[in-house]
Amino acid sequence: MRYAGFALLACALFLLLSLLLHRTLRGDWPPWRRSEILLHASFVFALAVSCEVLVDSLYEGVFGHKLWEYRVLPAHEGRVSRLAPLVWPSYGVHLYWLRGSLAARFGSLGSRTLFQAAVVGLEAPLFFEVVGNLLFLGFLRTYYARYVPGDLWHLTSLQVVPVYGACALLGFLLLDRLRRHRLGRHPWLPLVFLALGLFVVAGPGA
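Numbers in the numbering used here are just positions in the sequence shown, counted from 1, shifted up by 2.
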């Protein structure tokens with residue numbers, strides 16, 4: 003229970019800092035469209051946990067060891083955390099704001115999907131993963147997710163940079179496709195993604 007409470011507080015703080023950051027980048031407050039926020043939050047959650055199971059399984063099959071291992075409420079042999087329903091939707095909201103802020107700040111370059119994915123490939127593992135692990139180590143004496151390679155003190159790894167970038171690119175392309183079609187405007191779609199994410203986290207093999 004203490005892990006869930008700490009994660010909830012950390013996610014709330016993360017969203018507040020993200021909001022202020024994007025306020026600075028854009029020069030005004032980022033949009034707050036409920037349908038877009040729900041779509042991004044649920045979609046990122048479903049995609050992230052699916053990619054975590056798939057990518058870490060493939061990595062272990064090739065290299066003989068995992069790329070990461072969740073230490074807090076682990077599922078699927080540590081490939082996923084049961085805190086994912088809190089953490090990944092929060093990051094999905096951040097990504098919704100991030101894409102708009104990059105477009106507002108950098109114009110046509112910031113609107114390019116490849117550029118946006120490259121930014122995520124750097125910021126997520128090299129900043130947010132590190133800060134998250136340091137918070138859990140500092141307050142709860144445990145890694146949130148310990149990276150097996152020791153190139154960055156197990157807080158994160160340079161090897162995960164292309165993984166984040168590729169998953170972000172895939173996610174942005176799929177999201178943009180959904181938003182261009184009528185399907186992306188259905189109010190039940192976030193519920194489908196939420197159910198899919200929960201099935202991955204708590205379903206068979208967890």
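Ideal Cβ positions, reconstructed from N, Cα and C, are used throughout, including at glycine.
When the beta-carbon positions are compared, V162 and L69 come within less than 8 Å of each other. One alpha carbon belongs to L176, the other to L11, and they sit about 30 Å apart. A contact is defined here as three or more CB-CB pairs under 8 Å, and the segment 89–108 meets this definition with respect to the segment 19–30. Along the segment 63–112, the beta strand (DSSP E) occurs as fully enclosed runs of 3 or more residues at 70–72, listed in sequence order. Rounded to whole angstroms, the gap between the alpha carbons of A204 and A6 is 16 Å.
Distance from the CA of F47 to the CA of W90, rounded to the nearest whole angstrom, comes to 5 Å.
Boundaries of the beta strand (DSSP E) around R148: 147–149. Shortest Cα-Cα distance from F8 to any of G94, N135, R114, P164 involves N135. Secondary structure at L154: strand, using DSSP grouped into helix, strand and coil. Here L180 is actually not in contact with L116; their C-beta atoms are around 19 Å apart, not less than 8 Å. The Cβ-Cβ distance between H78 and A208 falls below 8 Å.
The straight-line gap separating the alpha-carbon atoms of L200 and S44 is approximately 10 Å.
In this structure, Y98 keeps its C-beta atom at 8 Å or more from the C-beta atom of H188. Where H24 is concerned, the enclosing alpha helix (DSSP H) starts and stops at 4–28. DSSP places R114 in the coil class of the three-state scheme, outside both helix and strand.
P206 and P76 have their C-alpha atoms roughly 14 Å apart. Under the 10 Å beta carbon count, S20 is surrounded by 16 or more other beta carbons and is classified as buried. A Cβ-Cβ distance of about 7 Å is found for the pair L157 and Y149, placing them in contact under the 8 Å criterion.
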